[in-house]
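Q:
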Amino acid sequence: MLRNYLKTALRSVFKNKIFSIINIMGLAIGMTACLLITHYVMHELSYDQFQSKKDRIFRIQLDRHNKGVITTRWAGGCAGIGPDLKTNFPEVMNYVRMIRSNALLANGDVFFKEDHVYYTSEDFFKIFSVKLIKGVDSTVLKEPYKMVVSQSLAKKYFGNEDPIGKTLRNNGNTDYEIVGLYEDVPENSHMKIDALLSFATYVALLKDNAAQLNSWQWDGFMTYVLLDERTNPAVFKSKLPAFVEKHEGQVLKQDDAGMIFNLEPITDIHLYSPNLMEEFGPNGNGKAVYFLAIIAGFILLIAWINYINLATAKSMERAREVGVRKVMGSFRSQLMRQFLLESFLIKLGSFLLALVLFWLLLPSFSDLTGRKLADTPLQNPLFWLGAMGVFAIGVLLAGLYPAFVMSGFKPVQVLKGHFQASARGNYLRKGLVIFQFVSSITLIVGTFTVYRQIAFMRDSDLGVTIEQTLVLRGPNITDSTYVHRFDAFQNDLAAYPEITKVCSSTSVPGRQPDWNAGGIRRVSERPDQSNQYRVLGIDYDFVSTFQIQLKAGRDFSKDLKTDESAVLFNESAVKLMGFKSAEEALEEKIYFWGDTFKIVGVLKDYRQESLKKDFDPLIFRLIPAANAYYSLRIKTDNIPQTIRLAEEKWKSYFPGNPFQFFFLDEYYDQQYKADQQFGKVFGVFAGLAIFIACLGLFGLSSYTVVQRTKEIGVRKVLGASVVQVITLLCKDFALLVVMAVVVAVPVSWFVMNDWLSEFANRIVLSWWIFVLPVLVVVLIAWITISTHTFRAASANPVESLRYE
Numbered sequence: 077m078l079r080n081y082l083k084t085a086l087r088s089v090f091k092n093k094i095f096s097i098i099n100i101m102g103l104a105i106g107m108t109a110c111l112l113i114t115h116y117v118m119h120e121l122s123y124d125q126f127q128s129k130k131d132r133i134f135r136i137q138l139d140r141h142n143k144g145v146i147t148t149r150w151a152g153g154c155a156g157i158g159p160d161l162k163t164n165f166p167e168v169m170n171y172v173r174m175i176r177s178n179a180l181l182a183n184g185d186v187f188f189k190e191d192h193v194y195y196t197s198e199d200f201f202k203i204f205s206v207k208l209i210k211g212v213d214s215t216v217l218k219e220p221y222k223m224v225v226s227q228s229l230a231k232k233y234f235g236n237e238d239p240i241g242k243t244l245r246n247n248g249n250t251d252y253e254i255v256g257l258y259e260d261v262p263e264n265s266h267m268k269i270d271a272l273l274s275f276a277t278y279v280a281l282l283k284d285n286a287a288q289l290n291s292w293q294w295d296g297f298m299t300y301v302l303l304d305e306r307t308n309p310a311v312f313k314s315k316l317p318a319f320v321e322k323h324e325g326q327v328l329k330q331d332d333a334g335m336i337f338n339l340e341p342i343t344d345i346h347l348y349s350p351n352l353m354e355e356f357g358p359n360g361n362g363k364a365v366y367f368l369a370i371i372a373g374f375i376l377l378i379a380w381i382n383y384i385n386l387a388t389a390k391s392m393e394r395a396r397e398v399g400v401r402k403v404m405g406s407f408r409s410q411l412m413r414q415f416l417l418e419s420f421l422i423k424l425g426s427f428l429l430a431l432v433l434f435w436l437l438l439p440s441f442s443d444l445t446g447r448k449l450a451d452t453p454l455q456n457p458l459f460w461l462g463a464m465g466v467f468a469i470g471v472l473l474a475g476l477y478p479a480f481v482m483s484g485f486k487p488v489q490v491l492k493g494h495f496q497a498s499a500r501g502n503y504l505r506k507g508l509v510i511f512q513f514v515s516s517i518t519l520i521v522g523t524f525t526v527y528r529q530i531a532f533m534r535d536s537d538l539g540v541t542i543e544q545t546l547v548l549r550g551p552n553i554t555d556s557t558y559v560h561r562f563d564a565f566q567n568d569l570a571a572y573p574e575i576t577k578v579c580s581s582t583s584v585p586g587r588q589p590d591w592n593a594g595g596i597r598r599v600s601e602r603p604d605q606s607n608q609y610r611v612l613g614i615d616y617d618f619v620s621t622f623q624i625q626l627k628a629g630r631d632f633s634k635d636l637k638t639d640e641s642a643v644l645f646n647e648s649a650v651k652l653m654g655f656k657s658a659e660e661a662l663e664e665k666i667y668f669w670g671d672t673f674k675i676v677g678v679l680k681d682y683r684q685e686s687l688k689k690d691f692d693p694l695i696f697r698l699i700p701a702a703n704a705y706y707s708l709r710i711k712t713d714n715i716p717q718t719i720r721l722a723e724e725k726w727k728s729y730f731p732g733n734p735f736q737f738f739f740l741d742e743y744y745d746q747q748y749k750a751d752q753q754f755g756k757v758f759g760v761f762a763g764l765a766i767f768i769a770c771l772g773l774f775g776l777s778s779y780t781v782v783q784r785t786k787e788i789g790v791r792k793v794l795g796a797s798v799v800q801v802i803t804l805l806c807k808d809f810a811l812l813v814v815m816a817v818v819v820a821v822p823v824s825w826f827v828m829n830d831w832l833s834e835f836a837n838r839i840v841l842s843w844w845i846f847v848l849p850v851l852v853v854v855l856i857a858w859i860t861i862s863t864h865t866f867r868a869a870s871a872n873p874v875e876s877l878r879y880e
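Numbers given in our numbering equal positions in the sequence shown, counted from 1, plus 76.
1) According to DSSP, is Pro461 part of a helix, a strand, or is it coil?
2) Looking at C-alpha atoms only, which residue of Arg140, Leu771, Ala310 and Arg447 is the closest neighbour of Tyr123?
3) When the Cβ atoms of the segment 252-270 are set against those of the segment 122-139, are three or more pairs found closer than 8 angstroms?
4) For Ser228, I'd like the list of residues in its chain whose CB is within less than 8 angstroms of its CB, leaving aside the five on either flank, ordered along the chain.
5) How far does the alpha helix (DSSP H) with Leu652 in it extend, from its first residue to its last?
6) Restricting to Cα atoms, I'd like to know which of Gly425, Ala310, Met101 and Ala642 is closest to Ile695.
7) Can you grab the Cα-Cα spacing for the pair Lys492 / Phe866, in whole Å?
8) Tell me whether the segment 282-297 and the segment 154-174 touch, counting them as touching only if at least three CB pairs, one residue from each stretch, are closer than 8 angstroms.
9) Just the C-alpha distance for Leu472 and Ile422, rounded to the nearest angstrom, thanks.
10) Compute the Euclidean distance between the alpha carbons of Met169 and Pro159, then round it to the nearest angstrom.
11) Let me make sure I understand the geometry here. Which of Leu138, Val757 and Gln137 has the alpha-carbon closest to that of Ile371?
12) Please report how far the alpha carbon of Gln623 lies from the alpha carbon of Phe739, in whole angstroms.
13) Our contact map puts Leu352 next to Arg149 with C-beta atoms below 8 angstroms; I'd like the distance itself, whole angstroms only.
14) Looking at Cys110: is its Cβ nearer than 8 angstroms to the Cβ of Leu386?
15) From what residue to what residue does the alpha helix (DSSP H) around Asp631 run?
16) Pick out whichever of Arg697, Gly296 and Met267 has its Cα sitting closest to the Cα of Ile345.
17) Among Arg630, Trp669 and Ser648, which has the Cα closest to the Cα of Glu17?
18) What are the start and end residues of the beta strand (DSSP E) that includes Pro341?
19) Report the rounded CA-to-CA distance for Pro603 versus Tyr667, giving the unit in angstroms.
20) Is DSSP giving Ile553 helix, strand or coil here?
21) For Lys274, which of helix, strand or coil comes out of DSSP?
22) I'd like to check one pair, Thr576 with Lys725: are the Cβ atoms closer than 8 angstroms?
23) Decide if the segment 176-194 is in contact with the segment 320-333; the criterion is three or more beta carbon pairs, one per stretch, under 8 angstroms apart.
24) Just confirm the distance between the C-beta atoms of Phe691 and Ser648, as a whole number of angstroms; I'd bet it's less than 8 angstroms.
25) If distances are taken between C-alpha atoms only, which option among Ile839, Glu354, Gln752 and Val818 comes closest to Ala364?
26) Please name the residue or residues paired with His560 in a DSSP beta bridge.
27) Would you give the residue range spanned by the beta strand (DSSP E) that Gly892 belongs to?
28) By the DSSP assignment, the beta strand (DSSP E) with Phe696 in it spans what residues?
29) To the nearest angstrom, how far is it from the Cα of Gly334 to the Cα of Leu257?
30) So what's Lys674 in DSSP terms, helix, strand or just coil?
31) Can you grab the Cα-Cα spacing for the pair Ser583 / Val611, in whole Å?
32) Are there 16 or more other CB atoms within 10 angstroms of the CB of His494, so buried, or fewer, so exposed?
33) Kindly indicate the opening and closing residues of the alpha helix (DSSP H) around Trp150.
34) For the structure I just gave you, are there three or more beta carbon pairs, one from the segment 423-436 and one from the segment 94-106, closer than 8 angstroms?
35) Just to confirm my understanding: we take Leu433, look at its own chain, exclude 5 residues before and 5 after, and list those with CB closer than 7 angstroms. What are they?
36) Would you call the segment 132-144 and the segment 459-467 touching, i.e. three or more CB-CB distances under 8 angstroms?
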């Protein structure tokens with residue numbers, strides 16, 4: 077019997093080639109899109125899942141408050157919290173404390189600027205599941221001037237030689253012995269670490285200031301705790317406010333400040349931790365991931381809906397076949413098995429094609445998402461479990477209804493030509509098409525909104541000039557002659573006509589200032605009236621190089637020695653300090669960490685960071701030769717020559733330091749990279765969903781034409797024109813579009829308004845963002861339907877009425 081089912085099913089598939097190809101292609105595209113997105117979602121959800129103690133590892137994240145408002149959110153919080161928690165809470169089994177090293181590592185003449193080197197306490201390998209290949213986890217980081225390196229970093233400096241026992245010099249003055257080698261931290265880890273330096277070294281380098289490591293007012297240290305297995309994290313967290321009050325309550329009350337410690341599960345950091353101060357690197361976006369997961373579900377549902385519509389449309393042609401089979405003795409259960417087998421074969425072909433497309437498109441999809449997605453997902457049992465689940469659900473849900481409908485035809489009615497589709501079937505098909513319209517409109521609204529928001533952020537006036545700016549990363553290795561050498565370097569570069577301005581600073585536009593200072597207030601105010609500010613160290617030429625406008629007062633001047641005790645404010649800082657105007661702030665003295673400074677100028681607010689954030693209150697201190705960044709305003713006539721010139725001068729004045737540069741406009745746009753990638757992915761899959769939805773419309777129009785063939789013939793005999801017939805058939809879909817619009821507009825508004833809530837500066841959801849997608853969907857639907865119905869309306873009515 078099975079053999080007979082199979083032969084009949086294959087005969088039906090090959091007999092209806094166009095029908096089968098459309099079904100297979102629609103399902104294959106839908107499943108491919110779903111598999112790609114699912115693979116991406118699984119990758120994003122897999123971050124730090126490799127940690128064997130993941131359920132017990134938490135990062136201590138710190139929010140600092142001032143006057144009840146959050147001023148800074150730290151991934152790396154205060155220095156002393158780790159040891160204090162270990163001492164005072166039995167729930168804390170162990171802790172790890174880490175701080176970034178601004179590292180320039182050298183092995184003889186081989187040296188590189190390394191961005192992912194950290195000082196870390198000795199129990200790192202006891203808590204984290206990073207495999208130590210060589211070395212003992214309890215001793216490798218115990219002594220000062222020891223380090224452990226990753227396989228990649230070892231290969232970079234030593235090739236295929238064994239690195240154990242060898243030495244690397246950091247920043248030209250400190251030698252570290254390599255005592256351990258570990259496997260590269262997996263890609264799906266929020267930690268980006270190439271080498272670890274013993275924290276004992278950091279203590280030794282601080283010398284007499286090592287006691288500061290117990291401070292709760294020195295931030296920038298990432299702290300991870302390992303909780304006891306029996307500990308409830310929520311209960312443990314509830315104990316922290318009282319501990320803060322006991323430890324720092326008096327100090328915080330004096331400054332009207334606050335500290336809130338949060339427990340971040342290590343597996344949540346990648347998706348749910350916002351861009352915090354001193355984070356390892358950019359994290360993912362949980363909301364964007366779930367948006368894409370919903371799109372994957374939409375695409376798959378649309379593909380299944382297509383199959384149902386096409387299958388039920390085709391059922392009209394097979395009604396007589398069912399009638400004859402039933403007259404010959406076939407039972408309904410046998411017919412259902414027959415039709416389910418046909419559905420299975422079509423979906424099997426679609427599934428196999430989807431696997432091939434998935435494999436071929438995975439590299440391009442990885443580039444599109446900006447993630448190094450594993451190229452061996454087919455070896456992952458979870459991937460196969462999900463894929464087979466999708467396949468099985470598709471076979472049952474999308475195959476069962478058509479099989480149920482076709483096997484239920486009554487042979488007497490069918491063979492007499494009195495067969496008509498049920499009202500419930502029509503309602504279901506129309507409901508499915510409404511769902512497709514709603515999905516399509518929502519996806520197009522989403523695509524327009526994402527692209528408009530990104531364009532708005534990129535095209536807005538920043539209040540600072542970042543074009544034609546070449547930025548050099550400052551030298552790590554400096555000595556007592558550094559200031560004089562920088563002055564000579566700056567003067568030499570400024571003498572060339574290709575370079576119009578040169579300045580130095582501790583930060584550049586597009587980067588959050590690393591210096592976050594609290595306790596700043598007017599000299600005449602009480603300590604509890606102080607506030608927190610972001611602080612930039614700049615030289616005399618910073619303001620003119622970036623063409624930042626003065627609101628009031630003046631810039632720093634080389635002619636005034638008193639400017640060493642002067643500061644500039646931006647407008648937001650002026651407001652935060654309580655001045656009514658920029659002019660009122662001029663010549664006012666402020667208290668800044670034990671020193672007194674005078675405000676000599678107020679700068680207009682500019683976008684130090686992206687428009688995703690509001691203006692930060694900024695204070696600018698004069699540091700004439702800041703060595704973090706050198707910014708060169710250049711002409712665009714011959715950029716390669718200008719870069720070569722800058723490199724020659726760099727090697728002359730700062731030997732032993734790598735020459736690293738970037739263009740500031742490109743660097744600034746990196747802040748929007750994640751949003752741009754999300755927009756691209758969203759747009760691509762929205763387009764696929766709309767394309768698949770068009771196949772669904774084709775299915776319903778096909779069904780409608782088959783049902784109304786005789787009506788079309790009669791109308792044409794009575795004098796109806798082709799245009800009138802097409803208009804008649806298209807009118808049936810007008811109500812579906814209206815109903816879809818009524819549902820889609822509020823749904824899409826709610827979804828995109830929620831997405832836009834993440835942005836401090838955002839677009840307004842204008843009426844045309846909703847009207848244009850509706851018009852696009854209506855146009856696509858009209859073209860899809862009219863193309864199909866034109867053929868039926870143009871046919872000779874004799875063909876449809878010859879048997880009447």
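Beta carbons: idealized from backbone N, C-alpha and C, even for Gly.
A: On the basis of the coordinates in this document:
1) Position 385 of the sequence shown, counting from 1, holds the residue named residue 461. Note on residue identity: the sequence assigns Leu, not Pro, to residue 461. In the structure shown, Leu461 sits in a helix (DSSP, three-state: H, G or I).
2) Within the sequence shown, numbered from 1, the residue matching residue 123 stands at position 47. Distances from the alpha-carbon of Tyr123 to those of Arg140, Leu771, Ala310 and Arg447 put Arg447 closest.
3) Judged by Cβ distances under 8 angstroms, the segment 252-270 makes contact with the segment 122-139, as three or more pairs qualify.
4) The residue given as residue 228 occupies position 152 in the sequence shown. If we look at Ser228 and ignore the five residues flanking it on each side, its Cβ neighbours are Asp260 and Asp270.
5) If you number the sequence shown from 1, residue 652 lands on position 576. Glu647 to Leu652 is the extent of the alpha helix (DSSP H) around Leu652.
6) Translated into the one-based positions of the sequence shown, residue 695 becomes position 619. Of the candidates Gly425, Ala310, Met101 and Ala642, the residue whose Cα lies closest to the Cα of Ile695 is Ala642.
7) In the sequence shown, counting from the first residue as 1, residue 492 sits at position 416. In the sequence shown, counting from the first residue as 1, residue 866 sits at position 790. The pLDDT assigned to Lys492 is 45, lower than 50, so where the model puts this residue is not dependable; a value taken from the coordinates is nonetheless given after this. About 29 angstroms.
8) Remark: three or more beta-carbon pairs, one from each stretch, lie closer than 8 angstroms, so the segment 282-297 and the segment 154-174 are flagged as touching.
9) Within the sequence shown, residue 472 is the residue found at index 396, counting from 1. Within the sequence shown, residue 422 is the residue found at index 346, counting from 1. Rounded to the nearest angstrom, the two C-alpha atoms are 13 angstroms apart.
10) To locate residue 169, count along the sequence shown from 1; it is residue 93. To locate residue 159, count along the sequence shown from 1; it is residue 83. So the two alpha carbons sit approximately 11 angstroms from each other.
11) Walking along the sequence shown from the start, residue 371 turns up at place 295. Here the closest residue by C-alpha is Val757.
12) As a first step, residue 623 must be located in the sequence shown, where it is residue number 547. As a first step, residue 739 must be located in the sequence shown, where it is residue number 663. C-alpha separation (whole angstroms): 17 angstroms.
13) Position 276 of the sequence shown holds residue 352. Position 73 of the sequence shown holds residue 149. For a cut-off of 8 angstroms, the C-beta gap from Leu352 to Arg149 is around 5 angstroms, short enough to register as a contact.
14) In the sequence shown, the residue the question calls residue 110 occupies position 34. In the sequence shown, the residue the question calls residue 386 occupies position 310. No, the Cβ-Cβ distance between Cys110 and Leu386 is not below 8 angstroms.
15) Position 555 of the sequence shown, counted from the start, is the residue given in the question as residue 631. It is not in any alpha helix (DSSP H) - Asp631 carries neither H nor E in the DSSP assignment.
16) As a working mapping, residue 345 is identified with position 269 in the sequence shown. Nearest Cα to Ile345 within the set Arg697, Gly296 and Met267: Met267.
17) This structure does not reach residue 17, given that the chain is present from 77 up to 880, and the question cannot be answered.
18) In the sequence shown, counting from the first residue as 1, residue 341 sits at position 265. Pro341 -> beta strand (DSSP E) spans Ala333 to Pro341.
19) For the purposes of this step, residue 603 is taken as the residue at position 527 of the sequence shown. For the purposes of this step, residue 667 is taken as the residue at position 591 of the sequence shown. Note on geometry: alpha-carbon atoms of Pro603 and Tyr667 lie some 10 angstroms from one another.
20) Taking the sequence shown and counting its residues from 1, the one referred to as residue 553 is at position 477. Correct three-state label for Ile553: coil.
21) Taking the sequence shown and counting its residues from 1, the one referred to as residue 274 is at position 198. Contrary to the premise, residue 274 reads as Ser rather than Lys in this sequence. In the structure shown, Ser274 falls within a strand segment according to DSSP collapsed to helix, strand and coil.
22) Looking up residue 725 in the sequence shown gives position 649. Looking up residue 576 in the sequence shown gives position 500. Taking 8 angstroms as the Cβ cut-off, Lys725 and Thr576 do not qualify as a contacting pair.
23) No, the segment 176-194 is not in contact with the segment 320-333.
24) Mapped onto the sequence shown, residue 691 falls at position 615. Mapped onto the sequence shown, residue 648 falls at position 572. About 4 angstroms separates the two Cβ atoms, so the contact holds.
25) Within the sequence shown, residue 364 is the residue found at index 288, counting from 1. Of the listed residues, the one whose Cα sits closest to Ala364 is Gln752.
26) Numbered from 1 along the sequence shown, position 484 holds the residue referred to as residue 560. None; His560 has no bridge partner.
27) Residue 892 falls outside the range modelled here, since the chain spans only 77 to 880, and no answer is possible.
28) Residue mapping note: residue 696 aligns to position 620 of the sequence shown, counting from 1. For Phe696, the enclosing beta strand (DSSP E) begins and ends at Leu694 to Leu698.
29) Numbered from 1 along the sequence shown, position 258 holds the residue referred to as residue 334. Numbered from 1 along the sequence shown, position 181 holds the residue referred to as residue 257. Whole-angstrom Cα-Cα distance: 41 angstroms.
30) The residue labelled residue 674 in the question sits at position 598 within the sequence shown. Strand.
31) Position 507 of the sequence shown holds residue 583. Position 535 of the sequence shown holds residue 611. If you draw a straight line from the Cα of Ser583 to the Cα of Val611, it comes to about 9 angstroms.
32) By 1-based counting over the sequence shown, the position of residue 494 is 418. Here the model assigns His494 a pLDDT of 46, short of 50, so the residue's position is not dependable, and the following value carries that caveat. His494 should be labelled exposed.
33) As a first step, residue 150 must be located in the sequence shown, where it is residue number 74. Element bounds for Trp150: not the alpha helix (DSSP H) but the beta strand (DSSP E), Val145 to Trp150.
34) The segment 423-436 vs the segment 94-106: in contact.
35) If you number the sequence shown from 1, residue 433 lands on position 357. Only residues of its own chain outside the window of five on either side were considered, and among them Ala104 and Thr108 have a CB closer than 7 angstroms to the CB of Leu433, listed in chain order.
36) Look at the beta carbons and you see the segment 132-144 not touching the segment 459-467: under three pairs across the two are nearer than 8 angstroms.
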